[in-house]
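Report on the following structure.
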Amino acid sequence: MKHVKYLALVLCIGNLSPVMAQTASKSLTVDNLVAWQRISGQSISDNGKWVACKMEPWEGDAVVNLYDAQGKELATFPRADRFLFSASSDYLVVSQKPGKMIVDSLKIKKTKKDKLPMDALVIYSLLGDREVIDSLKTFKLAEKVDWVAFQKGRKDSTLYVQPLNANLSTRYEAPAVKAFNFAEKSGMLYYITAGDKAEEKPGLYLLNTETGVKTLIKEGDGVFKQVTFDEDGANLAFLYCAQKNSCYKAMSLWLSQQGAPATEVVARGNQALPKGWVISEHGKLQFSKSASRLFFGTSPEPRQKDTLQLAENRPNVQVWSWDEPVQYTVQNYNKEKELKRSYQAVYHINSGRICQLADEELSQILLGDEGDAPLALLSTSRPYSLSSMWEGRTRSDYYTVSLEDGSRKLLASADYGRYRLSPQGKYAYWYAETDSCWYTLSMADGKKVQLTTPVSFLAWDEENDVPDYPNAHGTAGWTERDESLLIYDRYDIWKFDPDAMKEPVNLTMNGRKNRISYRLVKLDKEERVVDLNKPQLLKGFNEVTKGNGYYKARFSTAASPKELIAGNYMLRSIYKAKNTDHVIYTMESFEQYPDLHYATLDFKKSIRLTHGIDQQKDYLWGTAELVSWISLDGRKLEGVVYKPANFDPAKKYPMIVSFYERNSETLFNYRMPEPHRSTIDYHFYNSNGYIVFNPDIRYVDGYPGESCYNCLMPGVAMLIGKGYIDEKAIGAQGHSWGGYQVAYLATRTDLFAAIESGAPVVNMFSAYGGIRWGSGLARSFQYEHTQSRLAGTPWSTPLRYLENSALFTMDKVQTPVLIMHNDADGHVPWYQGIEYFVAMKRLGKPCWMLNYTGEPHWPTKIANKIDFQKRMFQFFNHYLKKEAMPEWMSDGVPAVKQPYELGY
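Start counting the sequence shown at 569; every next residue gets the next number (my numbering).
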């Protein structure tokens, strides 16, 4: 019966037909990858009747398409950017950008920036009418009412506020507006204006769009910051400083209630603040859920530079200290953030009391019950930051803090757990990696409860293969009133009593038995708890077939989830209409484009809305097949073989082995065609006659290179044994960790005819002592405990560093290598790529290196991505297909010619 249901669904949504596959004749080009349309945004109206979808190429203009519930395309909006449905679901608002080709042509003509065309705003009525606002600068759409506020023109700062219904005559304008926004759940709007000489005084105004009442909340031409509504727009808080050059020290906190003029509630020098502290201009303002509390940030008064000393007369030196808690490079990376750091305080609106909650000693704070709980959780990891340099994790001290009087109580010291708060703030809870157990702690009395033991509950990642404590599978959330905590194991969802007074319950029952991993899908992003009495949507991953499914469960009692839709495909990107059971979602496989589908939560009838799959009809398209083999150390492994269209097992095909760690679970991933930043495009290579093999790699601590060899080589041998691989035309490609592994393989085997190694580590010794400049972190933790898996230091396990470093056996390499490593790489030190290249050059071995100057760990600019794909393709085609060597490989691209020639 299940097969019948799946067949009906496939027929309903449409699938890639055999005719399409047989009649396709073209091979994909890099230009096709660039132009490939992907779904980059989707939205369903609150009433579930309308769907909008954004289709976007990797370079060029996007388009937004509007559909009705029958799947009919109602309207198309070219050059689209943002798009939003209105609160009533009667309107779609779309911002449009100028066409890229037009803008590029104007830039070539040296057109000044202020002469370039501006955006436009389209207000589209679902009845078919539309209003277009030209020369758009910025806009905000109200979430709960059908109103929009916008500014237009480069030099015009007038704010225009109007209903989306063009037939209504109500309109508002305000001159010289600097900032504006709507309340989250009402039509209240604030704006800050410099005023005009005629009618509008400078200051902060409140506009009620429903009544038309405009109120001057605070007059002044000073600096307004952190303007914040409560949820309903009844209260408005902000910071204000009359002197523009004194914001760092003279901000005060103001509050307006029920639309009344604001009053100053906290000023500089308030006795409740620590001595020498000020209200921080960078501290976020936040109302509690009930709007009875207002949270704000404070800090020591920021220091100012000595303006009487010339910069060139002052030494510019960094002092690194061996025992400073935080590595200097991390300090430097975070310097701007730290200079703006603030510490949370609270203003009690009803009583007027002020309480400082966090400070420099305990800087991190978590609020319970959306700010309404009596206690908050304070923490600091600073005393233990030094050891995190090599451990890859940090310990923390935890305290409760009273929101009434600021009193603190120690909960835990030097704890590796990452404490979080239950929704109502009754409990702190965490997973202890050091013993693989879950714990709770009562915020009221500090009672600590162990919920699980390694014997009673397999909470950890059972497939962990790094030299560190395994991670947890996570939680699905809390139930109402903090009564239960829902925890995942590898397969099922379990209900735990936070006080451990009741036995845990396996709510899904059959996950482990059927090897289906169930995970809760949170369709309502505002929902704070899991309602046990409401039906819940689960997503299931089948570890055997690698397929996905959606399942229905009701957690009031334990029961096997009901299958709604499941099969050999990947499901993702599901969104539910706010007021109905209608959903939009995507379904995909390697051959089936992830088009957008429309259904109700029973999934009995699904309508395909988009037709991205039509892009494939003229092109040769490959297939994906799950394969298995035994590693050299006796473990069963899986991987995916991607075969070209019209595959003939009697032919010999070139093959590229492209991998990272594990990939088999992505068997049904469509792998959107793209000029990738760091890897080959599987469809592109399939379409051009290549087989692609992506094997799973499983590691043994201390021997990552050997583990890769033991897993990958028998997998390749297995495919060669099938008779359709040209064993003289096998290439390998990897980036970062994958780049390391292919570099290592080149020192162990001459099987590969060519290798592309992106951002690789080749010298574990020098890499251990490097810095990840994208964060400032020292790299040592990576080798001792995480991905690099050496499980020791260069002093405790020097042979592991030697044996796993390709640099020291580079003389054994017989394979031509293409390296890509960029000089602004913040992940892997650029000098690793240089060490690789210099070694190969010194040994007289064929090697080329691509450095996209100014780029990070991979190319980010589209032109550089395109260039990388073209060169890598030419490189592999030369060595695997015996095509002519391009000029950049045969003659290079000298520095003096580089601005003018590319050498393709």
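Backbone N, C-alpha and C fix where the C-beta goes; we use that ideal spot for every residue, glycine too.
**Inter-residue Cα distance where the pair is Trp618 and Leu634** = Within the sequence shown, residue 618 is the residue found at index 50, counting from 1. Within the sequence shown, residue 634 is the residue found at index 66, counting from 1. When rounded, the distance between both Cα atoms is 7 Å.
**Request:** Report the rounded CA-to-CA distance for Pro1066 versus Ile917, giving the unit in angstroms.
**Result:** Stepping through the sequence shown from its first residue, residue 1066 is reached at position 498. Stepping through the sequence shown from its first residue, residue 917 is reached at position 349. Answer to the nearest angstrom: the Cα atoms are 33 Å apart.
**Request:** In angstroms with no decimal places, state the Cα-to-Cα distance between Ser654 and Trp715.
**Result:** Position 86 of the sequence shown, counted from the start, is the residue given in the question as residue 654. Position 147 of the sequence shown, counted from the start, is the residue given in the question as residue 715. A straight line joining the alpha-carbon of Ser654 with that of Trp715 spans about 8 Å.
**Request:** Just the C-alpha distance for Gly1115 and Met1138, rounded to the nearest angstrom, thanks.
**Result:** Position 547 of the sequence shown holds residue 1115. Position 570 of the sequence shown holds residue 1138. If you draw a straight line from the Cα of Gly1115 to the Cα of Met1138, it comes to about 6 Å.
**Prompt:** What runs of the alpha helix (DSSP H), each 4 residues or longer, lie entirely inside the stretch 1110-1147?
**Reply:** Counting only runs of 4 or more, we get nothing.
**Message:** Please report the straight-line C-alpha distance between Leu979 and Ser990, rounded to a whole angstrom.
**Reply:** In the sequence shown, residue 979 corresponds to position 411, counting from 1. In the sequence shown, residue 990 corresponds to position 422, counting from 1. So the two alpha carbons sit approximately 16 Å from each other.
**Exposed unless 16 or more other CB atoms sit within 10 angstroms - verdict on Ser919** = Here the question's residue 919 lines up with position 351 in the sequence shown. With fewer than 16 other Cβ atoms within 10 Å, it is exposed.
**Request:** Return the Cβ separation of His1041 and Asp1033 in integer angstroms, given the expectation that the two are a contact with Cβ distance under 8 Å.
**Result:** On the sequence shown, position 473 is the one that residue 1041 refers to. On the sequence shown, position 465 is the one that residue 1033 refers to. That belief does not hold up - the Cβ atoms of His1041 and Asp1033 are roughly 16 Å apart, past 8 Å.
**Prompt:** By the 10 Å Cβ neighbour count, where 16 or more other Cβ atoms means buried, how is Pro1103 classified, buried or exposed?
**Reply:** Residue 1103 sits at position 535 when you count from the first residue of the sequence shown. Per the 10 Å Cβ criterion, exposed.
**Prompt:** Taking only runs of the beta strand (DSSP E) that begin and end inside the stretch 1180-1251, which ones reach a length of at least 3 residues, in chain order?
**Reply:** With a minimum length of 3 residues, the continuous beta strand (DSSP E) runs that stay inside the stretch 1180-1251 are 1191-1198, 1204-1211 and 1221-1226.
**Request:** Determine the direct distance from the alpha carbon of Gly696 to that of Gly755, and round the result to whole angstroms.
**Result:** The count along the sequence shown starts at 1 and reaches residue 755 at position 187. The count along the sequence shown starts at 1 and reaches residue 696 at position 128. So the two alpha carbons sit approximately 25 Å from each other.
**Item:** Three-state secondary structure assigned by DSSP to Met1077
**Value:** Reading the sequence shown from its first residue, position 509 is the one you call residue 1077. Met1077 falls in the coil class under three-state DSSP.
**Item:** Arg1357 classed as buried or exposed, judged by whether at least 16 other C-beta atoms fall within 10 angstroms
**Value:** Residue 1357 sits at position 789 when you count from the first residue of the sequence shown. Classification of Arg1357: buried, given that the 10 Å Cβ count is 16 or more.
**Request:** List the residues that DSSP assigns as beta-bridge partners of Leu945.
**Result:** Reading the sequence shown from its first residue, position 377 is the one you call residue 945. DSSP lists Leu934 and Thr968 as partners of Leu945.
**Request:** Report yes or no: do three or more beta-carbon pairs, one from the stretch 981-990 and one from the stretch 951-966, lie closer than 8 Å?
**Result:** At 8 Å Cβ cutoff, the stretches touch.
**Message:** In whole angstroms, give me the CA-to-CA distance for Pro951 and Ser867.
**Reply:** Here the question's residue 951 lines up with position 383 in the sequence shown. Here the question's residue 867 lines up with position 299 in the sequence shown. So the two alpha carbons sit approximately 20 Å from each other.
**Asked** Just the Cα atoms here: how many angstroms apart are Phe1123 and Lys1070?
**Response** As a first step, residue 1123 is located in the sequence shown; it is residue number 555 there, counting from the start. As a first step, residue 1070 is located in the sequence shown; it is residue number 502 there, counting from the start. Roughly 16 Å between the two C-alpha positions.
**Message:** For Pro1263, list the residues DSSP reports as bridge partners.
**Reply:** Sequence index remark: in the sequence shown, residue 1263 carries index 695 (1-based). Looking at the DSSP assignment, Pro1263 forms a beta bridge with Gly1207.
**Request:** Leaving out five residues on either side along the sequence, give the residues of the same chain with a beta carbon under 6 Å from the beta carbon of Lys1220.
**Result:** Reading the sequence shown from its first residue, position 652 is the one you call residue 1220. These residues qualify, in order along the chain: Asp1294.
**Prompt:** Nearest-angstrom Cα distance between Asn1256 and Gly1289?
**Reply:** Here residue 1256 refers to the residue found at position 688 of the sequence shown. Here residue 1289 refers to the residue found at position 721 of the sequence shown. Cα to Cα, the separation comes out at about 23 Å.
**Straight-line Cα distance separating Leu946 from Leu1009** = In the sequence shown, the residue the question calls residue 1009 occupies position 441. In the sequence shown, the residue the question calls residue 946 occupies position 378. Between the alpha carbons of Leu1009 and Leu946 lies a gap of roughly 14 Å.
**Prompt:** Exposed or buried, what is Leu1448 when buried is set at 16 or more other beta-carbons lying within 10 Å of its beta-carbon?
**Reply:** If you number the sequence shown from 1, residue 1448 lands on position 880. Within a 10 Å sphere around the beta-carbon of Leu1448 sit 16 or more other beta-carbons, which makes this residue buried.
**Request:** Would you identify the three-state DSSP class for Ala589, choosing helix, strand or coil?
**Result:** Taking the sequence shown and counting its residues from 1, one reaches residue 589 at position 21. Note that Ala589 scores 45 on pLDDT, short of 50, meaning its location in the model is unreliable and no value can be drawn from it.
**Item:** Leu774 to Glu711 span [Cα, whole Å]
**Value:** Counting from one through the sequence shown, the residue named residue 774 turns up at place 206. Counting from one through the sequence shown, the residue named residue 711 turns up at place 143. If you take the alpha carbons of Leu774 and Glu711, they lie about 17 Å apart.
**Item:** Ala1431 classed as buried or exposed, judged by whether at least 16 other C-beta atoms fall within 10 angstroms
**Value:** The residue you call residue 1431 lines up with position 863 of the sequence shown. By the 10 Å Cβ count, Ala1431 comes out exposed.
**Item:** Bridge partner(s) assigned by DSSP for Val661
**Value:** On the sequence shown, position 93 is the one that residue 661 refers to. Bridge partners of Val661: Leu652 and Ile691.
**Asked** Is there contact between the stretch 1390-1408 and the stretch 1422-1442, where contact requires at least three CB pairs shorter than 8 Å?
**Response** Yes: at least three Cβ pairs fall under 8 Å.
**Prompt:** Do Pro1129 and Thr1076 have their C-beta atoms within less than 8 Å of each other?
**Reply:** In the sequence shown, counting from the first residue as 1, residue 1129 sits at position 561. In the sequence shown, counting from the first residue as 1, residue 1076 sits at position 508. Result yes, Cβ atoms of Pro1129 and Thr1076 sit closer than 8 Å.
**Request:** Apply the 10 Å Cβ neighbour rule to Glu1451 and answer buried if 16 or more other Cβ atoms are within range, or exposed otherwise.
**Result:** Counted from its first residue, the sequence shown places residue 1451 at position 883. So Glu1451 ends up on the exposed side.
**Prompt:** Counting along the chain, where does the alpha helix (DSSP H) carrying Ser1334 start and finish?
**Reply:** Sequence index remark: in the sequence shown, residue 1334 carries index 766 (1-based). That run of the alpha helix (DSSP H) goes Met1332 to Tyr1336.
**Message:** Alpha carbons only, please: which of Thr597, Arg606, Tyr1238 and His1251 is nearest the one belonging to Ala1213?
**Reply:** Within the sequence shown, the letter at position 645 stands for residue 1213. Taking only the C-alpha atoms, the option nearest Ala1213 is His1251.
**Item:** As assigned by DSSP and simplified to three states, the class of Gln1301
**Value:** By 1-based counting over the sequence shown, the position of residue 1301 is 733. Three-state result, Gln1301: strand.
**Request:** Decide yes or no for the touch test of the stretch 938-945 against the stretch 859-877: beta carbon pairs closer than 8 Å, at least 3 of them.
**Result:** By the Cβ test, the stretch 938-945 is in contact with the stretch 859-877, since at least three Cβ pairs between them sit closer than 8 Å.
**Prompt:** If Asp1318 sits next to Gln1382, beta carbons under 8 Å apart, how far is it from one beta carbon to the other, in whole angstroms?
**Reply:** Sequence index remark: in the sequence shown, residue 1318 carries index 750 (1-based). Sequence index remark: in the sequence shown, residue 1382 carries index 814 (1-based). By a beta-carbon distance limit of 8 Å, Asp1318 contacts Gln1382. Their separation comes to about 4 Å.
**Asked** Does the distance from the C-beta atom of Asp687 to that of Lys665 stay below 8 Å?
**Response** The residue you call residue 687 lines up with position 119 of the sequence shown. The residue you call residue 665 lines up with position 97 of the sequence shown. Closer than 8 Å, so yes.
**Request:** Give every residue of the same chain whose Cβ lies closer than 8 Å to the Cβ of Pro1467, excluding the five residues on either side of it in the sequence, and list them in chain order.
**Result:** Numbered from its first residue, the sequence shown carries residue 1467 at position 899. Nothing listed; no residue qualifies.
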